[in-house]
Each structure stands twice: as C-alpha cells, then as structure tokens.
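First up is the structure itself, then whatever we jot down about it.
Numbering (our numbering), first residue to last: 978 to 1698.
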C-alpha cells in the first residue's frame, strides 16, 4: 500500500528498532501465530493517530505454546593462516520478558556489529534535530585521524591486520500491561593497521643523482561502551510517553610513524590519545486533551566531556655530517565540554481534513574548551573559551487534505537567537524557518511532490571546536571567532511512477539550493608558527537532478536498473579580503543487471561511476582538480545436484587514477541438514596504489605505492536453532 516498513514488533514490543533483520534471520516461522500491519506507525502510539506518515509496522503475534523457546544461530570459522570468526545470536521470547543476545569476534576485517548498526556513543549527529529529539541522544565531536597517510575508506572492511570484538544484550521487560522497561548495552573494540611506501629518485645527471624512500605505518585502536535504559508508559486512553537514559565511554588511540632513508635518515612519530564519556536523557510524552487534541512534550539533555593529547616527535640523522637531532616538534592538549538541551511543547489538533500543530521550542547548546599548543619546549598558544547559543521559537504547521489524491502542508517557526562568550552576551539574531509542500497521488505507487523552504538558523556550536592537528605541515583550527546565522533557500520537485503489472518504476527529481554563511576562523600554521585570520563569506548556489529507472525485461528475463544524478554549484568566498570563486560539478551513474534464467547458474552485475570537477579562481591563481571513481561488482553462483553450490565474487574499485582495489573470493556451501550447513571461502585481496610524477623533466621522478595483499581460506560451520 505504498508504506515503508519502519519496525518489526513482537507482541507489540519493538526489540530492534529499525534493525529488524535480527529477528527475521533468527526467528523460526513456526513460532508466529498471526501478522498485523499498523498504519501511521509512531513509537508514541497516541501521536500515530494524529501525524500522517508513510511508515508502517508489522506486529508478530506469537503462539502461546512456543513462548519461552530459544531461537537463534551460531557460526564458527577458522583457517590455517590464523584467521577466525565467531558469531552467535540468541533470541528468547516470553510474554513479560524478551532478550536478544549478540556476539562477534573476528580478525578478517569484518564489521563485528553485523546487522546491528549501533549508535556509537559520542558520534557526531544532528545537533539541531527538532522533530525527533529522542532519536539521537548523545552528540559530540569526532576524533580527527592522525597521520600523513590516511587509510582509505575501503580499508576498514578489507585490510587484513584487523581485530574486532562486539557484544550486546538487548533486554525488554513488560512490568505491567502499560509499563515497559528496555535496556541495551554495547561493547565494541576494533583495531586497524595499515602500511604505505613511496620512492623518489632525483636525477641531476647520470653521475649525480640521489634517492629517498619513505615507509609509513599507522595503527588505530578504539574502545566503546554504551548503555541505554528506556522506561515507557503506554495508556492509549489518556497518556503515552518514554524516558531514555544513556551513559557511555569511548577511548581512541591513533599512532603514525614515517621512516625516511636516503642521504639522510628521518623518523617522524605522531600519536593521538582521546577519551570522552558522557551522559544523556531524553523524554517524549503525549497526553490527550480531548478527542481531537493532543499535548506533546519532547526534551533532550546531553553532557559530553572530552580530552585529547596529540604530539609529534622527530629523530634525524645527517649522513654527511654525522649529526643526530632528537626533539619534540609539536604538542597539543585539548579539553572540551559539550552541553546541549532542547525542549519542545506542542499541541496537535486533527479534525476533518485538517491537522494543526502549534507550540514553542527552546534550544541551548554550549561548548567550553581549553586548548594549549607547544613546540620546541615553548608555548605557542593557550586559550580558554566558553561559547553558548540559545534560541526560543514559536512554531506553527498545518496539513490540509485537499482531496483524496492531493494534500498541502505548511510549516513555520520564528524566534530570537542569543549568543554569548565567557558568560558575556554578544549578539541577538532574528531567526526563522518556513516551508511549504504539495503532494499529488496519481495511483497507489505514483505521484508528484513539490517543496520549498527558507530558514535563518544559528550554526552548530561545533564551529567553535578546536580541531586536532593532522600533521606537522598542516594547520590547526582554533575554532571560529565570529559567526553569524546561516541563511538558505531550497526548492525541489520529484515524480515517481511504479506499475506492478509491467514491473516498471521511474523516479525523477530536481532540487535547487541557495545558502549564505558568514564566519571568521583563526589558524596557527606549523612550522612557521604564524597566526592568521580567515574571514569567510560564502554564497552557495546549487542545482541538482536525479533520475532512477527500474524494469523487468521480459525478452531477457532479467531485472535491470539504471540511475543517474548530477549537481552543479558555485561558491563565492572572501578569504582575507580576497574574493575566490569555486565551481563544482558532480555526476554519477549506477547500473544493475540481475538475470533470472532457469539455469543452474545465476549472476549479478553492478556498475557505478562518479565524476567530480572543481575550478577555483582568484585574482592571483586558477586551480583545477578532477577525479573519477569506478566500482564494479560481479557475483556468480552455480547450483549442482543435492544441496551444494559454488559461487564467486569479484570487486574492482578505483578511487583515483592511481589507487585501485581488487577483491576476489570464491565460496562453496554444503547444506548438511535443515539447520546445519558448512561453507568454505577463498579470499584474495590486492590493494594497490601506484603513480609516477616527473618534475622539470628529466630532473625528478617520484613513485608512490601502497600495496596490501591478503589471502586466506576460511572454513565455516553455521547452525540455526
């Protein structure tokens, strides 16, 4: 019916939030008595009767005779190379107590969290989410990666020298008919290592040339523990609400080392140690005033302290003069306290074809930072700042059903924003946010959407966060010193069509955006140790289009999908009073082909390519930059007599003209019984980056390689119960 499945409930209880694959893969079908569909699903069910949405929930009613039985799965894998993986999921469901237990440990660079995409404590989220304050409880600054050589995105999944550990119990208690208590605990540890090398040969003449080689090594270790407790009350006649409490701890250790050899020897070591802990509380409650009106309260508070220590040490040996230097080049320590408190008080009224919401909102966010920078045993910079933002708003929205096929919605809020520094009031700003949208429904799966909006908002307080240094030659952001509201205007239109009989779907859309940002940033530059101020005024104009088509081709008996998107933007900035213009072009295409022949062999082919181009122009220079990314994934599977099949997978990923990844694997599977099967995986990875640069030909030639090769044979036994 055109609805999106938002949750999978067990006897009315949401155990996994939107990660319902945990239940669908580990719950036997014979324990289910009946299936129910809940329209306009909302975690607060009183609000679900008032707020129209395209979300639905599926509720599984369990057989009473099957309650208390254990379901789940377990697998163990190992290889002669020392690779291993252990995975287990335990599901135990009773009328008043439900539990899901998860465990995974591996050293094959597989994400140990598996199906459960855990909310990492302290991860950077949307600081100003106003509609669903309880979705992301704790928000905070992330850790900036150290090292001159950054691990590519794909390395987290494919680099073999990795360790992952994860465990999580999900507990759910029904204390009374209307009161529930849920608890989630996550414990994650992962370690990643990677290496790189480069070689430079400088040729002055055949008799006069010298070479330099660099070898890099980096390691990242992260520990994360988080616990969330939720108490909910659900009396559909008058009141429904939930209180969520969360506590967590994160520890990061990043290390980087670069060894240079040639006519001199140089060792550069970098380390970053960061630790943060925090607490958060969120409440969402709704109370019925009468048959047509509901009063809604949403409140969210979080406190997140963070400590960072960063340092660089260099040892250098000059071969010509036999001089050895050892000194600390750079040290930085940062202490951050991040606080956020959001509140929303609203009335929802629904009568006939109109739904109206009106109320007030408050948002307070503050950051207290203490930052010290030293180099060569002398203090370069030291500061302490307390920045806070406060805005109060009046909100109003209306949804009107014009006919059975069309509806229009308008939202508006306006108020006053205040900024202060070191407990002294600085500025006040008039803020607003307004939008209008129109939806026309042609058929069950076809329609047209149009929306337009404008806003003037205070920026995220993280603009004032002092960032950690990334290398000895990079700059440090000491946080913004002056900042003004961000203004933007958006307009978008989209069309969708899906025909069931022909299995044809089409989605097309256009969006336009204009934004203006005005702020000032202080930078400390190393190793010159000079201080400069960058005044930035941005005027961004963007236009984008997307196109997505999918169809089932009868002559080829195949499913085919093609999509493309393009975006063009112009950015005018003022850097130190010098105007600079940036032009960006981004485009991408994606194609998928899945045949459905009645053959013992089947395959799937996925292809995608992205294009990026940037031109930067000022009165002093013109810079151009372009890049293309290509990704090809091919899967082949053949089935033989009995319960045996063989498959293979090849993945080619080109991130730039010089960086390529080749992943090839073969897997075999033998179904031993209904609940037991065994598979063998042969894995081969070639991660290669190679390029040659020549300056003032033929005087200097530079070659850089980053190669990681991993091969293993993994035997796995899977058991479901």
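Here a beta-carbon is modelled for each residue, glycine too, at the ideal position from N, C-alpha and C.
For residue 1493, DSSP records a beta bridge to 1464, 1516.
By the Cβ rule, the region 1322–1336 does not count as touching the region 1344–1354, because fewer than three pairs are nearer than 8 Å. If the five residues before and after residue 1166 are omitted, its C-beta is found closer than 6 Å to the C-beta atoms of 1142, 1200, all from its own chain and listed in chain order. Burial state of residue 1259 is buried, judged by a 10 Å Cβ sphere holding 16 or more other Cβ atoms.
CA-to-CA, the gap between residue 1338 and residue 1369 works out to about 6 Å. As a beta-bridge residue in DSSP terms, residue 1200 pairs with 1166, 1228.
Here the C-alpha atom of residue 1645 lies approximately 14 Å from the C-alpha atom of residue 1689. If the five residues before and after residue 1266 are omitted, its C-beta is found closer than 6 Å to the C-beta atoms of 1272, all from its own chain and listed in chain order.
Taking the Cα positions, residue 1387 is about 36 Å away from residue 1159. Here the C-alpha atom of residue 1147 lies approximately 5 Å from the C-alpha atom of residue 1161. Three or more beta-carbon pairs separated by less than 8 Å link the region 1062–1074 to the region 1040–1048, which places the two stretches in contact. At a Cβ-Cβ threshold of 8 Å, residue 1040 and residue 988 do not count as neighbours. By the criterion of a C-beta distance shorter than 6 Å, residue 1524 is surrounded in its chain by 1485, 1541, once the five residues flanking it on both sides are discounted. In the three-state reduction of the DSSP assignment, residue 1379 falls in the coil class, being assigned neither a helical nor a strand state. Residue 1575 carries a coil assignment under DSSP once its states are collapsed to helix, strand and coil.
For residue 1435, no beta strand (DSSP E) segment is defined, and its DSSP state is neither H nor E. Residue 1354 counts as exposed, since fewer than 16 other C-beta atoms from the protein chains shown sit within 10 angstroms of its C-beta. Nearest in C-alpha terms to residue 1076, of all of 1035, 1051, 1145, is 1145.
Residue 1309 is not a Cβ neighbour of residue 1340, given a cutoff of 8 Å. Pairing residue 1398 with residue 1227, the inter-Cα distance amounts to about 28 Å. Secondary structure remark: continuous beta strand (DSSP E) runs of at least 3 residues inside the region 1304–1356, in chain order: 1331–1352.
Closest in C-alpha terms to residue 1371, from the list 1358, 1517, 1411, comes 1411. Cβ-Cβ distances below 7 Å link residue 1491 to 1465, 1466, 1517, 1518 in the same chain, with the five nearest sequence neighbours on each side left out; the list follows chain order. Rounded to whole angstroms, residue 1206 and residue 1063 show a C-alpha spacing of 28 Å.
The DSSP-derived three-state label of residue 1610 is strand.
Here the C-alpha atom of residue 1149 lies approximately 25 Å from the C-alpha atom of residue 1082. Cβ atoms of residue 1249 and residue 1278 stay farther apart than 8 Å, at about 29 Å. The alpha-carbon separation between residue 1548 and residue 1472 amounts to approximately 29 Å. The Cβ neighbour count for residue 1163, taken over all protein chains shown within 10 Å, is at least 16; the residue is labelled buried.
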